[in-house]
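Data first, discussion second: the structure below is written as structure tokens.
2 protein chains.
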Amino acid sequence: MSISGDTLRGHTDTIILTQLLRADNYGYEINKKIQQRTHGQYGLKEATLYTAFKRLEQNGLIRSYWGQDGPGARRRYYSITQEGRRRWEENTREWAATRALLDALISIEEE
Amino acid sequence: MSISGDTLRGHTDTIILTQLLRADNYGYEINKKIQQRTHGQYGLKEATLYTAFKRLEQNGLIRSYWGQDGPGARRRYYSITQEGRRRWEENTREWAATRALLDALISIEEE
DNA sequence: ATGAAATACCTTGACAGGCGAGGTATTCTA
DNA sequence: TAGAATACCTCGCCTGTCAAGGTATTTCAT
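Below, the structure is given as structure tokens:
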């Protein structure tokens, strides 16, 4: 987890939304998947994770429900909404633009 | 300037350092170059710009001096330090890593 | 049997960077 | 001669991150 949080700031929501595109999932597991995908290079801090869930739900981009009471600790599952999918598309498009922009701005080529 | 500030947050310093790699320059002109390079898509807000200069100088990454009194408004020039160059290299390397990471995290491919 | 680790959730408060709003002074231009 | 452009700067708010702290359950090694 060597990547400083600030360079990814603002992308947390998109990262979480991406995880929910395939299927509903709960917080702890979502974060483990993120760590797996990055081979342990990155993971969300718990405080950041749950803050993001709350923000996303308040903005109508995800919905939550308690998992069936089985053995094990209770789990709160999240599902992405239609609005969430729209936002995901918007954000990924913006990311492509941002990436191109920064690439241009930190290259030492002639303008 | 449609790119939201938060997605570039934390990269402001690197963007400015990049401009100073070639030659000393003053704030207003640096920002204009940034705007030119991005074809008007992005520019730093003045408050952000001058905050960044102060931060960079306090961290020893740039140095400043007043331009020769000629006609026109006074200009404060900045030059990048050795430490600033080191940091620039570090930051651009980190950016490459961050970019790869985010690309992986927001793609809908199988993990 | 028992204590530590893992799972799983959550909140509070501090911190830092971006930026809107406001300010100053000079020079150029219509 | 008024307004736009150049050029600098500060204050205070907002927002996302995260260290630190908390709760409750289950699994596992000793």
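Note that the protein sequences, when read in sequence, are chains A and B.
When we follow the working numbering, the leftmost residue of the first sequence carries the number 1, and every step to the right adds one.
When we follow the working numbering, the leftmost residue of the second sequence carries the number 1, and every step to the right adds one.
Where a beta carbon is used, it is the ideal one built from N, C-alpha and C, also for glycine.
A quick note: this is a predicted structure, and the numbers were derived from the prediction, not measured.
Identify which residue in the options has its Cα closest to the Cα of residue i.
i         : options                                : result
Gly5(B)   : Ile106(A), Gln68(A), Leu102(A)         : Leu102(A)
Asn119(B) : Gly43(B), Phe53(B), Thr48(B), His39(B) : Look at the range of chain B in this structure, 1 to 111, and you will see that residue 119(B) is not part of it.
Ser107(B) : Leu21(A), Glu83(A), Arg86(A), Gln35(A) : Leu21(A)
Gly67(A)  : Glu94(A), Tyr28(A), Leu17(A), Thr18(A) : Tyr28(A)
Glu94(A)  : Glu109(B), Gln41(B), Glu90(B)          : Gln41(B)
Arg74(B)  : Ser64(B), Glu83(B), Gln82(B)           : Ser64(B)
Glu83(B)  : Tyr77(B), Gln58(B), Ala97(B)           : Gln58(B)
Tyr77(A)  : Tyr50(A), Glu90(A), Ala97(A), Gln35(A) : Tyr50(A)
Run through chain B and tell me which residues come within less than 8 Å of residue i, C-beta to C-beta.
i         : result
Ile108(A) : Thr18, Leu21, Arg22
Leu101(A) : Ile3, Leu8, Thr38, Gln41, Tyr42
Ile30(A)  : Those do not exist, as Ile30(A) stays about 11 Å from chain B at its closest Cβ, beyond 8 Å.
Would a C-beta distance cut-off of 8 Å place residue i and residue j closer than the cut-off?
i         : j        : result
Ile80(B)  : Leu61(B) : yes
Arg99(B)  : Arg9(A)  : no
Thr114(A) : Leu44(A) : The displayed coordinates of chain A run from 1 to 111. Any statement about residue 114(A) would go beyond what the structure contains.
Leu105(A) : Thr7(B)  : no
Ile15(B)  : Leu56(B) : no
Gln19(B)  : Lys33(B) : yes
Since residue i meets chain B, which of its residues come closer than 9 Å, beta carbon to beta carbon?
i        : result
Gly60(A) : The premise fails here: Gly60(A) is roughly 19 Å from chain B at the closest Cβ pair, so nothing lies under 9 Å.
Thr14(A) : Leu102, Leu105, Ile106
Kindly list, in the order they appear in chain A, the residues whose Cβ is closer than 7 Å to that of residue i.
i        : result
Ile80(B) : None at all; the shortest Cβ gap to chain A is about 12 Å.
Listing by chain order, which chain B residues have their CB less than 7 Å from the CB of residue i?
i         : result
Ala104(A) : Arg37, Thr38
Quick one: which chain A residues come within Cβ less than 8 Å of residue i?
i        : result
Thr48(B) : Residues of chain A passing the Cβ test: none, with the nearest at roughly 14 Å.
Subject >> Uninterrupted alpha helix (DSSP H) stretches inside the segment 30-93 of chain A (no shorter than 4 residues) >> reply: 46-58
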